[in-house]
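S.K.: Just dropping this structure here.
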Amino acid sequence: MNNDFLNAVGTLYSATQESLRQTAAHWLEQFEASDAAWEVATTTLAAPPTTQGVTFEARVFAAQVIRHKVTRDLYKLAPAQVAQLREAILNILGTTQPAPPSAAVVTQLCCALAEMAIHTTGDWTDPVATVTERFSAREETRLVFLEFLTVLPEELFACENLLTREEWADKFASLIRAHATNLFHSLVSTLQSGQASTSQLKKKLFACVESWMSTKAVPLEAITATPIIPMSFEALQQDDLFDSAVSILSCIWDEAQADITNGSPGGLAIVQASLPFLSQCGQMVQDAEDDEDQAKGMVKLITSAANAMLTPIVTQPDQFGTLITLVLDVSSYPFAEVVTPTFDFWFYLTESLLDGEADPTPFIPVYDKLVTVLTRQVRYPADLDQWTAKDRDDFRELRHGMGDVLKNCSHILGEDRVLGQCLSLMEQWANAPATHRMWQDAEAILFALRALGAVVHTDEEKVMPLIMRQLPALSALHSKLKYAALLVLSTYTRWTRMHPDMFGLQMELISSGFSDPESCTAAARALKHLAQDCGPQLHPYLQSLHPFYVSSLMTLTSDDAMAVAEAVAFMIAGAPPTEIMQLLNMFATPLVQQLTPSADVPRLRSVLYRLAVFVRVVQPAPEALQAAGLTSYPVLDFVTALWPYLVAVLDKHALDDPVTEGVSKIIRYTLMPNCIAAYTPDLLNRVVSLLVTQYSTTHYSCWLWVSNHVVAQFAKTEQWVAPVLQLIQQLVDITIAFVNKDGFGPAFEAVDETFGLLCTFANTLYPQFVAWLASRPEILQLGVAAVQHIDHPRTMSSLIFFFYEVTRLLGPEPRPSHIPHGIDASPAVQRALLPVAPSLVQVLIQRRVDDAIPSESFNDLTCALRCIGELFPNEFGAWATQALAGMAFLTQGEVQGMVRELQQAVVQNSYSRVRDTINKVVMLHQRRSKRGNAQNDRRRR
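Quick note, the sequence shown lines up with residues 1 to 941 if you use full-length UniProt numbering.
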């Protein structure tokens, strides 16, 4: 017995001083990693209850040590040591005198035993049979038997990424499928026979059935041959069995869904066994209205049944009417977050009714009621002021889910009927006594209208005009309602475009919104969306809008003023082409007047961002300008006149981020397709000169971002190829000098945009890129070093994508369709890619193992490795071996197996096999580290 271990555990659990507990925790952490921990832990667990110092806590901690070491270090043991450890664990679990191990110890050791069953081969050919023989016969050890059976499927599914597909399939077949039917019958028989003499044993039996049902390995005929369905419905009445019973029934229906849909005998048997009990669940549904946990279970139960029986529900609505009513009832639960599983059912039901094969008429009353339910569910509570920001965000997300269900209702009922219900509810609210009117009720109706905006046709004439005319009076009653009414206007702007008689009413409502501080944001949004969809019809309002626009520059918040500027820009864009330049000058002059080097940075940022909006939005089609007899492009003329102001501001504020971002946005928006044809050599030279000068001076990545768009737009035209190539060369040289001087830390954003620029280069000027890369091998060397040293997620994503693009584009024919055929890429492959390929393979795998690669880049990394293997099939195996052999957590056999997998994946051009092998490396690293232990502890009680 190791007294140091017992003393450390005692200190950890009983010391009152935090410093002592931390010291003990640190010692135990180091102890667990040692080889001696195996023997100390097993000796502690095998010690008699009277052994001094061997407390309950010490035994539980020792069991955790064994489980952690099995997870992390089992691969280090020789086969004989593994067998010895397994026998020690079985002996500890089989102890009954003078007392059996505690439930906590049993759980940890059963998890360890399950891990050993999954990850060891050899003499232990049938772990389930071993445990059954040792523990199932005696009542004293039956809980051990059931605990092992419960955790085994859970541990196997948790290990799915640690094994190859073939390995996992073999383990599933031998550990689960081979025993599923017999074990299922045995467990159900035990429940049925009354041998479950204690509530604890009965609970464990249900948990075990639940675990095995979740594997989907129990055949349907085995399920129908037992009374598990009625037994599970009966168990719903007992609190300690409720969750397991819900899960069992849900698993049964999920597994039977295909058979139910196809009308097979097994599926019909499941329906016939379930429907009588489901029809009796009404009282249970009602009883759960005040219990959130029980409500969650009932929602899962009812929606699982309804989803599985969707086809007979649609084809036989009379027979399944009770089930539909139950779904409607659980959709009404007051716990909004609980009802989200019902959303999918209503979606699938709607899709089934719309496919034309079923008559939706019997379901119209159901959808009518559902509209009423949803308009109540989206209502804000009276205690809204006490909500946290997270509460509001969560409820906002739930509302959008309910809004999607409202759209489903509209598809079945028709937009006029649903809009009519909303109008009726609005009128009822408006006509109610003032003391009975809560703003939350009216706001919920307005939200329902917003949700329906996407499905209401622009030619709807019956109800929408009536609703629109209700909004001004409604919005005058409360600021919250004004805000909501303005959001409704924002949603229906395309409808308004077809109903210009509503412009006056809506502009008045928007104007009143600007006079209410709580509604300014909604008013600005409504004005922007109205102008975006109705610009040509609204441009006559510009003259009267100008005074408000000028004052808004100083009175509104930055975001609201930006929305107003965007609205004005949309109106200008909708004006006749001959008026655009005059209107641009009219509305931009107040901004340009503030564009002086002496202005403060926040003011300059605001001005530049609003000017950028004008440049982005006011871009009429060149054909419209030609038809109007105009020979120049207004926005380019505007930017040319603005150029001296931009240069003057940059001369003083080149190192101020907000200013450079604003100027770069203005230039970038001149590179949109409508502008490109009107670009002059003089303007392009100005732009290129500014980009190179500013990037050389500041190293700010925004100039590379603009340069990327210059390359994307102008490389397509022969006359611009030479200046584009010169621009790329200069910018790349600046980035290399920047990295060499200051390192990757300050340069990560520049590296990000540089390699994005090179991707554009490769895809637009492929022949030139291949030749250039062959002469500049240091580019790929820089990229490999960047992957190794940079941790910023976005930059890492850009680098991984670059290497995927390069390895893909340099690969053999056929290449992507936009790449010219017949280009010999071998010089670039041999001179640039081959020298860095070994280190590239190593750093890609290592950074993935280190969790330095963002999840959105996993596919690009996998594809890059596969492409490298295709380019260098003879060398790839050695490179992969070198990369994996340096990882101490892998055995030599594992390395060899993974290299074989990667090589076979390349031969088969199998993306999935490369992905699975890399994922296996990552998962093994996580499980054989402290991080993996922490994840396992969270996963298993």
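Glycine included, each C-beta is placed from N, C-alpha and C at the ideal position.
The structure displayed is predicted, hence computed values, not measured ones.
My guess is that P49 and P98 are in contact by the Cβ rule of under 8 Å, so how many angstroms apart are they, rounded?
M.R.: Here residue 49 refers to the residue found at position 49 when the sequence shown is read from its first residue. Here residue 98 refers to the residue found at position 98 when the sequence shown is read from its first residue. So it is a contact: roughly 6 Å between Cβ atoms.
S.K.: Going by DSSP, what residue range makes up the alpha helix (DSSP H) through Q543?
M.R.: As a working mapping, residue 543 is identified with position 543 in the sequence shown. Unbroken alpha helix (DSSP H) run through Q543: L542 to T555.
S.K.: Go to T891, then tell me how far its alpha helix (DSSP H) extends in each direction, as first and last residue.
M.R.: Here residue 891 is taken as the residue at index 891 of the sequence shown, counted from 1. Unbroken run through T891: none, as it is neither H nor E.
S.K.: Give a yes or no on whether the C-beta atoms belonging to P547 and L584 are separated by under 9 Å.
M.R.: Position 547 of the sequence shown, counted from the start, is the residue given in the question as residue 547. Position 584 of the sequence shown, counted from the start, is the residue given in the question as residue 584. No.
S.K.: From D937 to D73, what does the alpha carbon distance come to, in whole angstroms?
M.R.: Taking the sequence shown and counting its residues from 1, the one referred to as residue 937 is at position 937. Taking the sequence shown and counting its residues from 1, the one referred to as residue 73 is at position 73. Bear in mind that the predicted position of D937 carries a pLDDT of just 49, short of 50, making it unreliable; the figure below should be weighed with that in mind. Taking the straight line joining both Cα atoms gives about 16 Å.
S.K.: By Cβ distance below 7 Å, which residues in the same chain neighbour K216 in space, the five residues on each side in sequence not counted?
M.R.: Counting from one through the sequence shown, the residue named residue 216 turns up at place 216. Excluding sequence neighbours, K216 sits near E255.
S.K.: In terms of residue numbering, what span does the alpha helix (DSSP H) encompassing C581 cover?
M.R.: Counted from its first residue, the sequence shown places residue 581 at position 581. It is worth fixing the name first, because residue 581 is Met in this sequence and not Cys. First-last of the alpha helix (DSSP H) with M581: P577 to V592.
S.K.: Between the alpha carbons of S244 and V339, how many angstroms are there, rounded?
M.R.: As a working note, residue 244 is residue 244 in the sequence shown. As a working note, residue 339 is residue 339 in the sequence shown. Straight-line Cα distance between these residues: approximately 20 Å.
S.K.: List the whole-angstrom C-beta distance separating E508 from L481, where the pair is believed to meet the contact cut-off of C-beta under 8 Å.
M.R.: Within the sequence shown, the letter at position 508 stands for residue 508. Within the sequence shown, the letter at position 481 stands for residue 481. Contact between E508 and L481 does not hold, since their C-beta atoms are separated by about 16 Å, which reaches or exceeds 8 Å.
S.K.: Does DSSP put R668 in a helix, a strand or coil?
M.R.: As a working note, residue 668 is residue 668 in the sequence shown. Of the three classes helix, strand and coil, the one that applies to R668 here is helix, per DSSP.
S.K.: Do the CB positions of R494 and D441 come within less than 9 Å of each other?
M.R.: Position 494 of the sequence shown, counting from 1, holds the residue named residue 494. Position 441 of the sequence shown, counting from 1, holds the residue named residue 441. Against a cut-off of 9 Å, the Cβ pair of D441 and R494 comes out as no contact.
S.K.: Between R927 and chain D, is there a C-beta pair that is closer than 9 Å?
M.R.: This model lacks chain D altogether, as it is built from one protein chain only.
S.K.: Give me the residue from F320, T342 and G403 with the minimum Cα distance to F363.
M.R.: Along the sequence shown, one-based indexing puts residue 363 at 363. Among F320, T342 and G403, the Cα nearest to that of F363 belongs to F320.
S.K.: Helix, strand or coil for G662? Go by DSSP, reduced to three states.
M.R.: To locate residue 662, count along the sequence shown from 1; it is residue 662. Here G662 sits in helix by DSSP.
S.K.: Within the UniProt domain "Importin N-terminal" (24-95), note down every full beta strand (DSSP E) run reaching 3 residues or more, in order along the chain.
M.R.: none
S.K.: Candidates E661, H709, V564 and V405: which alpha carbon is nearest V617's?
M.R.: Position 617 of the sequence shown holds residue 617. The candidate whose alpha carbon is nearest that of V617 is V564.
S.K.: Does the distance from the C-beta atom of R605 to that of P658 stay below 9 Å?
M.R.: Along the sequence shown, read from residue 1 onward, the residue named residue 605 stands at position 605. Along the sequence shown, read from residue 1 onward, the residue named residue 658 stands at position 658. Against a cut-off of 9 Å, the Cβ pair of P658 and R605 comes out as a contact.
S.K.: Look at the alpha carbon of T557 and the alpha carbon of P590, and state the distance between them as a whole number of angstroms.
M.R.: Indexing the sequence shown from 1 puts residue 557 at position 557. Indexing the sequence shown from 1 puts residue 590 at position 590. Whole-angstrom Cα-Cα distance: 17 Å.
S.K.: Please check the pair F755 and H699, which I expect to be a contact at CB under 8 Å, by giving their CB distance rounded to whole angstroms.
M.R.: As a working note, residue 755 is residue 755 in the sequence shown. As a working note, residue 699 is residue 699 in the sequence shown. About 15 Å; that fails the 8 Å criterion.
S.K.: Tell me the residue span of the alpha helix (DSSP H) that contains L765.
M.R.: Numbered from its first residue, the sequence shown carries residue 765 at position 765. First-last for L765: undefined, no H or E at that position.
S.K.: Output the distance between the C-alpha atoms of L423 and A484, rounded to the nearest integer angstrom.
M.R.: The residue labelled residue 423 in the question sits at position 423 within the sequence shown. The residue labelled residue 484 in the question sits at position 484 within the sequence shown. Whole-angstrom Cα-Cα distance: 15 Å.
S.K.: Return the Cβ separation of K665 and P597 in integer angstroms, given the expectation that the two are a contact with Cβ distance under 8 Å.
M.R.: Along the sequence shown, one-based indexing puts residue 665 at 665. Along the sequence shown, one-based indexing puts residue 597 at 597. Rounded to whole angstroms, the Cβ separation of K665 and P597 is 19 Å, and the two are not in contact under 8 Å.
S.K.: Roughly how far, in whole angstroms, is the beta-carbon of G535 from the beta-carbon of F503, given that I think they are within contact range, below 8 Å?
M.R.: Stepping through the sequence shown from its first residue, residue 535 is reached at position 535. Stepping through the sequence shown from its first residue, residue 503 is reached at position 503. Not quite, the Cβ-Cβ distance comes to about 12 Å (not below 8 Å), so this is no contact.
S.K.: Less than 6 Å between C-beta atoms, sequence neighbours within five positions excluded: which residues of the same chain meet that for L527?
M.R.: By 1-based counting over the sequence shown, the position of residue 527 is 527. Taking L527 as the centre and dropping the five residues before and after it, the same chain places the C-beta of I510 and A567 closer than 6 Å to its C-beta, in chain order.
S.K.: Taking the CB atoms as reference points, tell me whether A561 and A524 lie closer together than 9 Å.
M.R.: Here the question's residue 561 lines up with position 561 in the sequence shown. Here the question's residue 524 lines up with position 524 in the sequence shown. Yes, the pair counts as a contact, with Cβ atoms nearer than the cut-off.
S.K.: In three-state DSSP terms, what is F802?
M.R.: In the sequence shown, counting from the first residue as 1, residue 802 sits at position 802. In the structure shown, F802 sits in a helix (DSSP, three-state: H, G or I).
S.K.: Applying the 10 Å Cβ sphere with the 16-neighbour rule, what's the burial state of L466?
M.R.: Working through the sequence shown from its first residue, we reach residue 466 at position 466. So L466 counts as exposed.
S.K.: Does the beta-carbon of H457 have 16 or more other beta-carbons within 10 angstroms, so that it is buried, or is it exposed?
M.R.: Mapped onto the sequence shown, residue 457 falls at position 457. With fewer than 16 other Cβ atoms within 10 Å, it is exposed.
S.K.: Any chance the stretch 882-891 sits against the stretch 817-834, with 3 or more Cβ pairs inside 8 Å?
M.R.: Using a C-beta cut-off of 8 Å, the stretch 882-891 makes no contact with the stretch 817-834, since fewer than three inter-stretch Cβ pairs fall below that distance.
S.K.: Please list the terminal residues of the continuous alpha helix (DSSP H) segment that includes D516.
M.R.: Here residue 516 refers to the residue found at position 516 of the sequence shown. Here D516 belongs to no alpha helix (DSSP H), and DSSP marks it neither H nor E.
S.K.: Determine the burial state of H436: buried for a count of at least 16 other Cβ atoms within 10 Å of its Cβ, exposed for fewer.
M.R.: The sequence position of residue 436 within the sequence shown is 436, counting from 1. The residue is exposed, with fewer than 16 neighbouring Cβ atoms inside 10 Å.
S.K.: Apart from the five residues on each side of it in sequence, which residues of its chain come closer than 8 Å, Cβ to Cβ, to Y766?
M.R.: Against the sequence shown, residue 766 aligns to sequence position 766. The answer, listed in chain order, is L809, I819, P820 and I823.
S.K.: Do L398 and A451 have their CB atoms nearer than 9 Å?
M.R.: For the purposes of this step, residue 398 is taken as residue 398 along the sequence shown, with counting starting at 1. For the purposes of this step, residue 451 is taken as residue 451 along the sequence shown, with counting starting at 1. No, the pair does not count as a contact, with Cβ atoms beyond the cut-off.
S.K.: So, with DSSP's three-state summary, where would you put S136?
M.R.: Within the sequence shown, residue 136 is the residue found at index 136, counting from 1. If DSSP states are grouped into helix, strand and coil, S136 belongs with coil.
S.K.: Mapping DSSP to helix, strand and coil, what is A628?
M.R.: To locate residue 628, count along the sequence shown from 1; it is residue 628. Correct three-state label for A628: coil.
S.K.: Rounded to the nearest angstrom, what separates V65 and W38 at their Cα positions?
M.R.: As a first step, residue 65 is located in the sequence shown; it is residue number 65 there, counting from the start. As a first step, residue 38 is located in the sequence shown; it is residue number 38 there, counting from the start. One C-alpha to the other measures close to 8 Å.
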